[in-house]
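Be aware that the sequence shown starts at 11, since it is given in this note's numbering, and climbs by one per residue.
Every residue gets a Cβ at the ideal spot worked out from N, C-alpha and C, and that includes glycine.
First comes the structure, then the notes that go with it.
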Amino acid sequence: MVDAKTYAEIKARTLQTVRGTVQADILKEDQAQNTCIFSTPFALKLMGDVQQYYIDHGVRNHYSVSISGYHIAEAGANPITQLALTLANGFTYVEYYRSRGMDINKFAPNLSFFFSNGLDPEYTVIGRVARRIWAVTMRDMYGADERSQKLKYHIQTSGRSLHAQEIDFNDIRTTLQALLAIQDNANSLHTNAYDEAITTPTEESVRRALAIQLIVNKESGWTKTENPMQGAYIVDELTDLVEEAVLQEFEAISRRGGVLGAMETMYQRGKIQDESMYYEHLKHDGTLPIIGVNTFQNPNAAAFDESAADDFEMELARATPEEKEACLERVTHRQTVDGEATQAALKQLQEVARQGGNVFEELMETVKVASLGQITDALFNVGGQYRRNM
11 MVDAKTYAEI
21 KARTLQTVRG
31 TVQADILKED
41 QAQNTCIFST
51 PFALKLMGDV
61 QQYYIDHGVR
71 NHYSVSISGY
81 HIAEAGANPI
91 TQLALTLANG
101 FTYVEYYRSR
111 GMDINKFAPN
121 LSFFFSNGLD
131 PEYTVIGRVA
141 RRIWAVTMRD
151 MYGADERSQK
161 LKYHIQTSGR
171 SLHAQEIDFN
181 DIRTTLQALL
191 AIQDNANSLH
201 TNAYDEAITT
211 PTEESVRRAL
221 AIQLIVNKES
231 GWTKTENPMQ
241 GAYIVDELTD
251 LVEEAVLQEF
261 EAISRRGGVL
271 GAMETMYQRG
281 KIQDESMYYE
291 HLKHDGTLPI
301 IGVNTFQNPN
311 AAAFDESAAD
321 DFEMELARAT
331 PEEKEACLER
341 VTHRQTVDGE
351 ATQAALKQLQ
361 EVARQGGNVF
371 EELMETVKVA
381 SLGQITDALF
391 NVGGQYRRNM
């Protein structure tokens, strides 16, 4: 333990140097990921509280939100819809933060983006289009400075593109997706393990996934030239076409009252579901060729039977008895924590939320004595639980 003065100094220094990202993007949760717990207005307030805390305490190297298109794509959206919905969500956060009086040049550098990357041609330029639309809008509509016009994004290769059949082919798909991401100048990259189509990755499969990045980066000459595709006709043409399609989707969202208005009629969810179903139809009738799955199948391979997954030769990841016991021990320990201190902290948290204070700042103290479940239950009573419109 350290004295209060030393603790305050350590805390201030840490806040100025800590690096990382928060992925609490409530809009994509509603539209695609389905892990909403609080009402949307209260969830937006919590996001705004995080950003306000970052501004007040000089947190410059930690992103307050990773505005995510990955989950939208994994739920079934095509690349244009992924990009359009994600950017629209990003501009919605900009509008909300500005409505709370935040300076755009104070919060925009704390925003980051997260996209999926498949093998469709549009993925060749997804980063270029995102950066162009973001920069022009931030400059012309909001008068943001140069740093705030810069869009940083992370790419994760497509989990939806991985298949259980001919599972070794998945590394080939991931390698090609990684190349697309790198030539499109992604800031960071995650390559999926080939066995994610079936189970939690093993150490061996993770090493193979990491090796894809390392070989592309260290051995391939493709990465020695920055922006190698700049000026190519197909890239310039695709950039213009994808941008035009994204702007058309912006208009469709605007006609429905913006992002939040469209969510009330489940427009985004409906669009994602329609595109997901279309993809499945193309896959099942063979219009969309998937090697080893619906074409160029191995005649000597046994037919894949999903009902026989338990008999599959690959070992599935399961919790060990020791891991289960550790979870039970943590629950038991939580039950022995000072109940009075916990209840007092939860009551204080609720009061801060009711009075419109910064919930995130208060949470920094609450988590010292309360569990995530206790905190969630307490905030339900103030912010309300999520209810999907029907």
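Nearest to residue i (by Cα), restricted to the options the options
{"i": "Gly383", "options": "Thr352, His81, His294, Ala327", "result": "Thr352"}
{"i": "Ile90", "options": "Val252, Ser109, Trp232, Ile208", "result": "Val252"}
{"i": "Gly153", "options": "Ile114, Val362, Arg142, Gln26", "result": "Ile114"}
{"i": "Ile182", "options": "Arg218, Ala255, Asn120, Asn368", "result": "Arg218"}
{"i": "Ala191", "options": "Lys228, Glu132, Phe179", "result": "Glu132"}
{"i": "Asp130", "options": "Ala145, Glu214, Thr167, Asp150", "result": "Thr167"}
{"i": "Tyr64", "options": "Gly268, Asn120, Gly231", "result": "Asn120"}
{"i": "Ile143", "options": "Thr212, Ala203, Leu257, Glu261", "result": "Leu257"}
{"i": "Ala354", "options": "Asn368, Ala388, Thr330, Leu248", "result": "Ala388"}
As assigned by DSSP and simplified to three states, the class of residue i
{"i": "Phe306", "result": "coil"}
{"i": "Thr167", "result": "strand"}
{"i": "Leu200", "result": "The sequence shown places His at residue 200, rather than the Leu named in the question. His200 falls in the strand class under three-state DSSP."}
{"i": "Gln395", "result": "strand"}
{"i": "Ile47", "result": "coil"}
{"i": "Ile301", "result": "strand"}
{"i": "Gly100", "result": "helix"}
{"i": "Tyr243", "result": "helix"}
{"i": "Ser264", "result": "helix"}
{"i": "Asn368", "result": "coil"}
DSSP bridge partner residues for residue i (one or two, in chain order)
{"i": "Thr31", "result": "Tyr73"}
{"i": "Leu121", "result": "Val75"}
{"i": "Asn127", "result": "Thr167"}
Residue i versus residue j: straight-line alpha-carbon distance, rounded
{"i": "Thr201", "j": "Ala140", "result": "21 Å"}
{"i": "Asn53", "j": "Gly302", "result": "Checking the sequence, you will find Ala at residue 53 rather than Asn. If you take the alpha carbons of Ala53 and Gly302, they lie about 43 Å apart."}
{"i": "Val377", "j": "Arg279", "result": "34 Å"}
{"i": "Ala311", "j": "Gln175", "result": "9 Å"}
{"i": "Thr290", "j": "Leu298", "result": "The question names Thr, but residue 290 is Glu in the sequence shown. So the alpha carbons of these two residues sit roughly 9 Å apart."}
{"i": "Gln345", "j": "Asp13", "result": "28 Å"}
{"i": "Asn127", "j": "Gln187", "result": "6 Å"}
{"i": "Thr27", "j": "Pro238", "result": "33 Å"}
{"i": "Gln428", "j": "Ile177", "result": "Absent from the structure is residue 428, since the part of the chain shown begins at 11 and ends at 400."}
{"i": "Ile385", "j": "Leu356", "result": "7 Å"}
{"i": "Met57", "j": "Phe124", "result": "17 Å"}
{"i": "Ile165", "j": "Ser76", "result": "12 Å"}
CB contact flag (residue i, residue j, <9 Å)
{"i": "Phe117", "j": "Thr147", "result": "no"}
{"i": "Glu259", "j": "Ala98", "result": "yes"}
{"i": "Val32", "j": "Ser78", "result": "no"}
{"i": "Asn197", "j": "Lys228", "result": "no"}
{"i": "Val362", "j": "Glu372", "result": "yes"}
{"i": "Thr209", "j": "Asn399", "result": "no"}
{"i": "Gly137", "j": "Asn195", "result": "yes"}
{"i": "Asp40", "j": "Thr50", "result": "yes"}
{"i": "Ala272", "j": "Ala94", "result": "no"}
{"i": "Asn368", "j": "Asp59", "result": "yes"}
Short CB-CB distance (under 9 Å) between residue i and chain D
{"i": "Thr249", "result": "Going by chain labels, chain D is absent from the structure shown, which holds only one protein chain."}
Closer than 8 Å: residue i CB and nearest the ligand ZN heavy atom
{"i": "Gln43", "result": "With respect to the ligand ZN, the structure offers nothing, as it holds no ligand at all."}
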